[in-house]
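*Asks:*
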Amino acid sequence: MLRTCLLLLLAAPLAHAQSAFQLPELYSSPQEAETAGAATLSPTGAPAEGLLNPALLAGPQGLRASYGGTREWLGLEGTKTSTAGFAYGGETSLGGLPLTVGAALTRQELRFEGIPLTNPEGPDPTTLESDDVVETAYGLGLAARWDGPVRLAVGATGFARRSPLPEELDVDNTDPDRALTVDLGALLAVPVLRANPEPRAISVPIEVVAGGVRRHMEFWGDYPERAVDGGDVFQSRPLPETGALGGGVDLAIARGLGGDAFEIASLDIRVEREWDGVDLPEDYREAYSADGIRGAADFTLFETLGSRSGVLWTDGSEQTDRVGNGLSFHVDGLLRAIGTFTDNESLRQTGEQFGLRFDLTVYEVAEDRDRVFGETFFGGVALSWRP
Numbered sequence: 003m004l005r006t007c008l009l010l011l012l013a014a015p016l017a018h019a020q021s022a023f024q025l026p027e028l029y030s031s032p033q034e035a036e037t038a039g040a041a042t043l044s045p046t047g048a049p050a051e052g053l054l055n056p057a058l059l060a061g062p063q064g065l066r067a068s069y070g071g072t073r074e075w076l077g078l079e080g081t082k083t084s085t086a087g088f089a090y091g092g093e094t095s096l097g098g099l100p101l102t103v104g105a106a107l108t109r110q111e112l113r114f115e116g117i118p119l120t121n122p123e124g125p126d127p128t129t130l131e132s133d134d135v136v137e138t139a140y141g142l143g144l145a146a147r148w149d150g151p152v153r154l155a156v157g158a159t160g161f162a163r164r165s166p167l168p169e170e171l172d173v174d175n176t177d178p179d180r181a182l183t184v185d186l187g188a189l190l191a192v193p194v195l196r197a198n199p200e201p202r203a204i205s206v207p208i209e210v211v212a213g214g215v216r217r218h219m220e221f222w223g224d225y226p227e228r229a230v231d232g233g234d235v236f237q238s239r240p241l242p243e244t245g246a247l248g249g250g251v252d253l254a255i256a257r258g259l260g261g262d263a264f265e266i267a268s269l270d271i272r273v274e275r276e277w278d279g280v281d282l283p284e285d286y287r288e289a290y291s292a293d294g295i296r297g298a299a300d301f302t303l304f305e306t307l308g309s310r311s312g313v314l315w316t317d318g319s320e321q322t323d324r325v326g327n328g329l330s331f332h333v334d335g336l337l338r339a340i341g342t343f344t345d346n347e348s349l350r351q352t353g354e355q356f357g358l359r360f361d362l363t364v365y366e367v368a369e370d371r372d373r374v375f376g377e378t379f380f381g382g383v384a385l386s387w388r389p
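Here the working numbering runs 2 ahead of the position in the sequence shown, where the first position is 1.
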């Protein structure tokens, strides 16, 4: 049971300590949800994707900003998550080869609004009348990518997490839980076939990709003791450290532009092994383990229309699967496509310099296609400018 259930139901005492922080599990951006949390996909340019793997921040150059979220988590009206992010990428050199560096600031938020909270120990329900911020996370990420015979990217993001309990709740201490955590990530891409940059040349570039991430390594935490309606005392626990290792292949059909290439179609496929970090008793692990396999795919046509899908198949027999499906529309890709196929260099350059991307994602928790327990719709927008 999530700590969120405590906030929604005030059902105490708890059987065991729960994490104070729910944003990593709830998701707060379409970039996280559309691949069901896959950590090794190619960069899209949205700063929020650094929440999946800090190494993804070493992507496009220039300034980037993104905002996204949902107003109704798994059908629970009034439960809102959101992420705002700003990022910068620049290029230098190392050993005579290009070195791309990236930095990002993100702010995640979880809000409850107008949700009735029923306290089994008290006579009357409590309703959150206003927007109550019940969790925030500020992130600062740094990443670098070396483009040599292979592409190697590494990154780290530090988070300042804060999770206060709303004043309306019948607990003796609503001081916030607080923590400082760090995520580490890496990506490696090995070109098998490179794109032919000669004008109008058609080629099929192929890359093999591997990567991994370690999340929620805590450096400091403060978790106050609380009692519900003067009853049993409970205390939140830190986020469990989680990790993922995986890899896949990137395929494309590209048209040379004379030094660069335009991707007519591209397909990225990933498979990852996920560890949830929760130390369950042996007799519970078979039924309730949230370890699992993630599969994800990203298909883009004419650098304009994108489709991303992902699924987490959990090991536990009593656990549910998580499925994400997202669509994206790239205005800059459309300009590049028109410029490429009409030989309009000015229009193509405009598409390379200015970026605008829209995302729409549906995220489901389901046992199978006929038994969907809940779904969440995410929306988002990303802007970029490349000098």
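Just so it is clear, CB atoms sit at the ideal spot from N, CA and C, and this is done for glycine as well.
These numbers come from a predicted model, not from an experiment.
Applying the criterion that 16 or more other CB atoms from any shown protein chain within 10 Å of the CB defines a buried residue, is THR363 buried or exposed?
*Replies:* Reading the sequence shown from its first residue, position 361 is the one you call residue 363. The residue in question, THR363, is buried, as its Cβ has 16 or more Cβ neighbours within 10 Å.
*Asks:* What are the partner residues of ASN198, as DSSP defines its beta bridges?
*Replies:* The residue given as residue 198 occupies position 196 in the sequence shown. ASN198 is not bridged to any residue.
*Asks:* Could you spell out the range, first to last residue, of the beta strand (DSSP E) harbouring ARG239?
*Replies:* Along the sequence shown, one-based indexing puts residue 239 at 237. Taken as a continuous stretch (DSSP letters only), ARG239 belongs to no beta strand (DSSP E), as it is neither H nor E.
*Asks:* Verify whether the separation of the beta carbon atoms of GLY157 and LEU58 is less than 9 Å.
*Replies:* Numbered from its first residue, the sequence shown carries residue 157 at position 155. Numbered from its first residue, the sequence shown carries residue 58 at position 56. Going by C-beta atoms, GLY157 is nearer than 9 Å to LEU58.
*Asks:* Going by beta-carbon coordinates alone, are GLY308 and VAL273 separated by less than 9 Å?
*Replies:* Translated into the one-based positions of the sequence shown, residue 308 becomes position 306. Translated into the one-based positions of the sequence shown, residue 273 becomes position 271. Contact flag unset, no.
*Asks:* Residue range of the alpha helix (DSSP H) that PRO32 falls in?
*Replies:* Counted from its first residue, the sequence shown places residue 32 at position 30. Start and end: 32-35.
*Asks:* I'd like to check one pair, GLY381 with PHE391: are the Cβ atoms closer than 9 Å?
*Replies:* Lying outside 3 to 389, the shown extent of the chain, residue 391 is not represented and no answer is given.
*Asks:* DSSP on TYR29, reduced to helix/strand/coil?
*Replies:* For this step, residue 29 is matched to residue 27 along the sequence shown. Coil, per DSSP.
*Asks:* Express the C-alpha separation of PRO207 and GLY261 in angstroms, rounding to a whole number.
*Replies:* Position 259 of the sequence shown holds residue 261. Position 205 of the sequence shown holds residue 207. Spanning the two alpha carbons is a distance of roughly 15 Å.
*Asks:* Is the region 49-58 touching the region 106-113 in the sense that three or more CB pairs, one from each, lie closer than 8 Å?
*Replies:* yes
*Asks:* Would you check if the distance between the CB atom of ALA38 and the CB atom of ARG217 is smaller than 9 Å?
*Replies:* The count along the sequence shown starts at 1 and reaches residue 38 at position 36. The count along the sequence shown starts at 1 and reaches residue 217 at position 215. No, these two residues do not count as a Cβ contact at 9 Å.
*Asks:* What's the call for PHE23, buried or exposed, on a 16-neighbour Cβ count within 10 Å?
*Replies:* On the sequence shown, residue 23 is found 21 positions in, with the first residue counted as 1. Answer is buried; the Cβ neighbour count reaches 16.
*Asks:* Relative to the alpha-carbon of PHE343, which residue among PHE356, ALA298, GLY258 has its alpha-carbon at the smallest distance?
*Replies:* For the purposes of this step, residue 343 is taken as residue 341 along the sequence shown, with counting starting at 1. Nearest of PHE356, ALA298, GLY258 to PHE343, Cα basis: GLY258.
*Asks:* Run through the DSSP bridge pairs and tell me what SER84 is partnered with.
*Replies:* Walking along the sequence shown from the start, residue 84 turns up at place 82. Per DSSP, GLY71, GLU111.
*Asks:* In the DSSP output, what is PHE23 paired with across the bridge?
*Replies:* Mapped onto the sequence shown, residue 23 falls at position 21. In the DSSP output, where bridge partners are listed per residue, PHE23 has none listed.
*Asks:* How should LEU96 be labelled, buried or exposed, when 16 other C-beta atoms within 10 angstroms of its C-beta is the threshold for buried?
*Replies:* Within the sequence shown, the letter at position 94 stands for residue 96. With fewer than 16 Cβ atoms within 10 Å of its Cβ, LEU96 is classed as exposed.
*Asks:* Taking only runs of the beta strand (DSSP E) that begin and end inside the region 304-345, which ones reach a length of at least 3 residues, in chain order?
*Replies:* Listed in chain order, the beta strand (DSSP E) elements of length 3 or more contained wholly in the region 304-345 are 307-316, 323-332.
*Asks:* Where DSSP assigns a beta bridge to VAL367, which residues make up the other side?
*Replies:* Working through the sequence shown from its first residue, we reach residue 367 at position 365. DSSP output for VAL367 lists ARG324, GLY376 as bridge partner(s).
*Asks:* Excluding the 5 residues flanking ALA267 on each side, which residues of the same chain have their C-beta closer than 6 Å to its C-beta?
*Replies:* Position 265 of the sequence shown holds residue 267. Cβ within range, chain order: ILE255, LEU303.
*Asks:* Cutting at 7 Å between CB atoms, please list the residues of its own chain near GLY92, excluding the five before and the five after it.
*Replies:* As a working mapping, residue 92 is identified with position 90 in the sequence shown. Only GLN63, VAL103 meet the Cβ criterion.
*Asks:* Once you ignore the five residues that flank GLY160 on each side, which residues in its own chain have a CB closer than 6 Å to its CB?
*Replies:* Translated into positions along the sequence shown, residue 160 becomes position 158. Non-local beta-carbon contacts of GLY160 in its own chain, meaning distances under 6 Å to residues more than five positions away in sequence, involve LEU142, VAL184 in chain order.
*Asks:* Is the beta carbon of ALA197 closer than 9 Å to that of ALA299?
*Replies:* Locating residue 299 in the sequence shown gives position 297, counting from the first residue. Locating residue 197 in the sequence shown gives position 195, counting from the first residue. Taking 9 Å as the Cβ cut-off, ALA299 and ALA197 do not qualify as a contacting pair.
*Asks:* In the DSSP output, which residue or residues are listed as bridge partners for VAL152?
*Replies:* Here residue 152 refers to the residue found at position 150 when the sequence shown is read from its first residue. Paired residues: none, contrary to the question.
*Asks:* Beta carbon of LEU167, beta carbon of GLY214: below 9 Å?
*Replies:* Your numbering for residue 167 matches position 165 in the sequence shown. Your numbering for residue 214 matches position 212 in the sequence shown. Not a contact, by the Cβ cut-off of 9 Å.
*Asks:* What whole-angstrom Cβ distance do ARG180 and ARG163 have, given they're in contact under 8 Å?
*Replies:* Counting from 1 along the sequence shown, the entry for residue 180 is found at position 178. Counting from 1 along the sequence shown, the entry for residue 163 is found at position 161. Their Cβ separation, rounded to whole angstroms, is 7 Å, which keeps ARG180 and ARG163 in contact under 8 Å.
*Asks:* How many Å lie between ARG73 and GLY312 at the Cα?
*Replies:* Taking the sequence shown and counting its residues from 1, one reaches residue 73 at position 71. Taking the sequence shown and counting its residues from 1, one reaches residue 312 at position 310. Roughly 22 Å between the two C-alpha positions.
*Asks:* Bridge partners of TYR140, per DSSP?
*Replies:* Position 138 of the sequence shown, counted from the first residue, corresponds to residue 140. Answer by DSSP bridge pairing, in chain order: ARG109, ALA162.
*Asks:* Confirm the yes/no value for this check: CB of PRO199, any heavy atom of the ligand NAD, distance under 8 Å.
*Replies:* As presented, the structure is devoid of all ligands, the ligand NAD included, so that no description of it is given.
*Asks:* Count the other CB atoms within 10 Å of the CB of ASP345; is the residue buried (16 or more) or exposed (fewer)?
*Replies:* Here residue 345 corresponds to residue number 343 of the sequence shown, with the count starting at 1. Exposed, since its Cβ has fewer than 16 Cβ neighbours within 10 Å.
*Asks:* In terms of DSSP beta bridges, what is GLU274 paired with?
*Replies:* As a working note, residue 274 is residue 272 in the sequence shown. According to DSSP, GLU274 bridges with GLY248, ARG296.
*Asks:* Nearest to GLU227 by alpha carbon, out of VAL173, VAL192, PRO242?
*Replies:* Your numbering for residue 227 matches position 225 in the sequence shown. The shortest C-alpha separation from GLU227 is found at VAL173.
*Asks:* Use the C-beta contact count for VAL194: other C-beta atoms within 10 angstroms, 16 or more gives buried, fewer gives exposed.
*Replies:* As a position in the sequence shown, residue 194 is number 192, starting the count at 1. By the neighbour-count rule (16 or more Cβ atoms within 10 Å), VAL194 is not buried but exposed.
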